[in-house]
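The structure appears right after this line, and notes come after that.
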Amino acid sequence: MQRVEEGQLWLDKHSKGERVVYIQSVTQNFGGYANCLSYNFGKNTRRYVQIKLAGFQNQFRCLAT
178 MQRVEEGQLW
188 LDKHSKGERV
198 VYIQSVTQNF
208 GGYANCLSYN
218 FGKNTRRYVQ
228 IKLAGFQNQF
238 RCLAT
């Protein structure tokens, strides 16, 4: 199981298209969150998101570290 760490790129493939998530930082409060920049290719949008670390590997696939 790969650790979620600063500077990684993760891919989220889902029914509405793909988004790439860049990990800016990882925080341990409230069970652990990744603070990310999310880029959605289908919509051509970029936004800041917080994603819970629990289940992160089930939703995302690591592209680069």
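Sequential numbering of the sequence shown, starting at 178, is according to this note's numbering.
Ideal Cβ positions, reconstructed from N, Cα and C, are used throughout, including at glycine.
Problem - Unbroken alpha helix (DSSP H) run spanning phenylalanine 233, endpoints - result: Element bounds for phenylalanine 233: 233-236.
Practice task
Look up glycine 219 in the DSSP assignment and say whether it is helix, strand or coil.
Solution key: DSSP places glycine 219 in the coil class of the three-state scheme, outside both helix and strand.
Handout entry: Exposure label - alanine 241; buried when at least 16 CB within 10 Å
Key = Taking a 10 Å sphere around the C-beta of alanine 241, we find fewer than 16 other C-beta atoms and assign the residue as exposed.
Exercise for the section: Give the range of the beta strand (DSSP E) segment to which asparagine 201 is assigned. Expected result: Contrary to the premise, residue 201 reads as glutamine rather than asparagine in this sequence. Unbroken beta strand (DSSP E) run through glutamine 201: 194-204.
Handout entry: Alpha carbon of lysine 190 to alpha carbon of tyrosine 216, nearest angstrom
Key = Across the structure, lysine 190 and tyrosine 216 are spaced so that their CA atoms are roughly 12 angstroms apart.
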